[in-house]
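There are 2 protein chains.
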Amino acid sequence: MDLFEAIATRRSTRRFLPDPVPRELLEKIVEAGRLAPSGGNNQSTRFIVIQDRAVLADLARIAEGEFARMEAGHDTYKSLRNSIEASKRGGYVFHYDAPALIVTANKKGYGNALADCACALENMMLAANALDLGSCWINQLRWLTDHAPIEEYLRRLGMAEDEWVCGALAVGYGAGGAPVRAPLAHPGNPVVWR
Amino acid sequence: MDLFEAIATRRSTRRFLPDPVPRELLEKIVEAGRLAPSGGNNQSTRFIVIQDRAVLADLARIAEGEFARMEAGHDTYKSLRNSIEASKRGGYVFHYDAPALIVTANKKGYGNALADCACALENMMLAANALDLGSCWINQLRWLTDHAPIEEYLRRLGMAEDEWVCGALAVGYGAGGAPVRAPLAHPGNPVVWR
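These protein sequence lines map, in sequence, to chains A and B.
Counting along the first sequence from 1, when you hit position 74 you're at 74 in the working numbering, and nothing is skipped either side.
Counting along the second sequence from 1, when you hit position 174 you're at 368 in the working numbering, and nothing is skipped either side.
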């Protein structure tokens with residue numbers, strides 16, 4: 001797919017078919033992420049690709065337990081508030097039951113950690129689109145990365161002691177069938193020319 | 195250009211020809227940035243596109259003055275240390291004398307500000323590559339965004355009171371002639387499969 005088409009037609013997908021994503025497509029997506037630039041060319045982003053349904057269920061359950069113990073204040077970010085409220089109600093699955101979740105981690109306290117992971121995640125969103133897959137940026141594990149139950153579970157999956165989560169990507173075939181490629185309106189994101 | 199080719203062949207360019215970048219190419223690059231995803235679809239990234247050589251020179255001079263007053267400690271990030279030391283020596287131009295600089299700003303204190311701008315910057319790096327232009331992520335204005343002389347100057351350029359810089363992109367034709375498209379080695383960025 002042409003680069004500009006991939007950029008213009010990417011959308012966030014939040015309803016997925018249960019069908020697994022073929023390993024060779026996930027490899028292409030992850031490789032697109034690995035090739036993203038990094039500050040000082042540090043290449044310190046770790047990719048944890050999770051397809052094991054039991055692991056995905058564990059993560060959803062542990063995250064729900066953590067969110068359910070939190071309280072939303074009047075200035076809590078909308079998505080975080082939604083995660084807290086949905087977890088208190090029960091049955092909250094932060095990764096939208098996607099068949100694959102790619103967690104990006106990077107060095108704790110490193111000033112370029114989030115930016116580097118974001119570039120990798122953007123490359124992976126574009127790659128998923130070009131491969132007719134849907135994807136959605138997932139912030140919940142980043143919000144919970146210093147919660148012991150999440151941190152310990154991710155350590156067992158391969159996250160190093162000196163790393164924390166900077167974002168994740170849910171990937172799968174969209175439940176709506178073929179990707180909708182009509183470009184979205186973007187009335188925001190203003191531009192100033194000097 | 196094919197998406198995967200654009201991703202695999204993107205490199206950072208740090209030596210630029212003085213030739214201006216045609217406005218229509220800058221518009222394509224900025225539009226690629228505007229179409230990047232944003233948390234909650236907030237679309238609150240502001241793009242300030244600077245081609246005015248006097249403005250670029252002002253920014254370089256003001257930034258040099260700020261860095262020259264800073265001291266690098268033993269744990270100062272390498273690139274920031276370089277900026278400080280080069281500014282103390284004098285003649286430091288943080289934007290590599292590129293003919294165009296695209297500053298991305300977003301809401302102060304907003305949890306998705308940096309991630310949203312990083313996605314936009316990654317799209318713009320890929321777009322520049324596809325258009326045979328070189329680019330390089332620039333962190334210096336982010337590091338200085340709470341320094342009054344930088345903040346006040348950027349306000350005059352169009353950055354709003356409630357915004358700060360989350361990153362920038364130097365854009366121009368690479369001094370080395372046609373883009374080198376041999377993929378770079380990426381031995382880092384490890385992957386774990388679960």
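Where a beta carbon is used, it is the ideal one built from N, C-alpha and C, also for glycine.
Reference residue i, options the options, closest by Cα
i	options	result
A/I138	A/N106, A/V93 and A/M159	A/V93
A/I48	A/H186, A/T145, A/A168 and A/E66	A/A168
B/V224	B/I201, B/I296 and B/A254	B/I296
A/W193	B/Q334, B/L220 and B/H289	B/L220
B/A254	B/A312, B/L348 and B/A200	B/L348
B/G303	B/I201, B/M195 and B/W358	B/W358
C-beta neighbour in chain A for residue i, strict 7 Å
i	result
B/L363	no
B/T207	no
B/Y271	yes
B/D340	no
B/A312	yes
B/I439	With chain B represented from 195 up to 388, any question about residue 439 of chain B goes unanswered, as that position is not in the structure.
B/R179	Look at the range of chain B in this structure, 195 to 388, and you will see that residue 179 of chain B is not part of it.
B/W358	no
B/M264	no
B/V380	The amino acid at residue 380 of chain B is misidentified as Val; the sequence shows His. Yes, because at least one Cβ of chain A sits closer than 7 Å to the Cβ of B/H380.
B/R349	no
B/R388	yes
B/V249	yes
B/A292	no
B/G285	no
B/V243	yes
Span separating the alpha-carbon of residue i from that of residue j
i	j	result
B/L378	B/T203	8 Å
B/R275	A/G176	50 Å
A/G188	B/T239	8 Å
B/D356	B/H341	15 Å
B/E279	A/D52	49 Å
B/P343	B/K222	31 Å
A/K107	A/R142	13 Å
B/D291	B/A248	12 Å
B/M319	A/A170	24 Å
A/E24	A/N123	17 Å
B/L351	A/P190	13 Å
A/P179	A/G73	37 Å
A/P18	A/G134	12 Å
B/I354	A/S38	A small correction: the amino acid at residue 354 of chain B is Ala; Ile does not occupy that position in the sequence shown. About 28 Å.
A/F16	B/G366	41 Å
B/E346	B/R375	39 Å
B/G284	B/I201	36 Å
B/R263	A/H95	46 Å
B/D252	B/K282	17 Å
A/G174	A/D132	9 Å
A/A128	A/M1	11 Å
A/H186	A/E71	33 Å
A/E5	B/E199	14 Å
Beta carbon proximity, residue i to chain B, threshold 7 Å
i	result
A/L25	no
A/R34	yes
A/M124	no
A/A45	One point to set straight first is that residue 45 of chain A is Thr, not Ala, in the sequence displayed. Judged by the 7 Å Cβ criterion, A/T45 is in contact with chain B.
A/L131	no
A/N189	yes
A/G174	no
A/V21	no
A/G177	no
A/L101	no
A/L141	no
A/I150	no
A/A63	no
A/D58	no
A/G158	yes
A/I84	no
Inter-residue CB distance, residue i and residue j (contact presumed, cutoff 8 Å)
i	j	result
A/V21	A/A100	5 Å
A/L3	B/L197	5 Å
A/A118	B/A312	3 Å
Proximity of residue i and residue j at Cβ, strictly below 7 Å
i	j	result
A/K78	B/G305	no
A/C136	A/R14	yes
A/G33	A/A120	yes
B/I244	B/L250	yes
A/L144	A/E64	no
A/S83	A/Q140	yes
A/T76	A/C166	no
Check: residue i C-beta below 6 Å from any heavy atom of the ligand GDP
i	result
B/F210	Within the structure as shown, the ligand GDP is missing, as the structure has no ligands at all.
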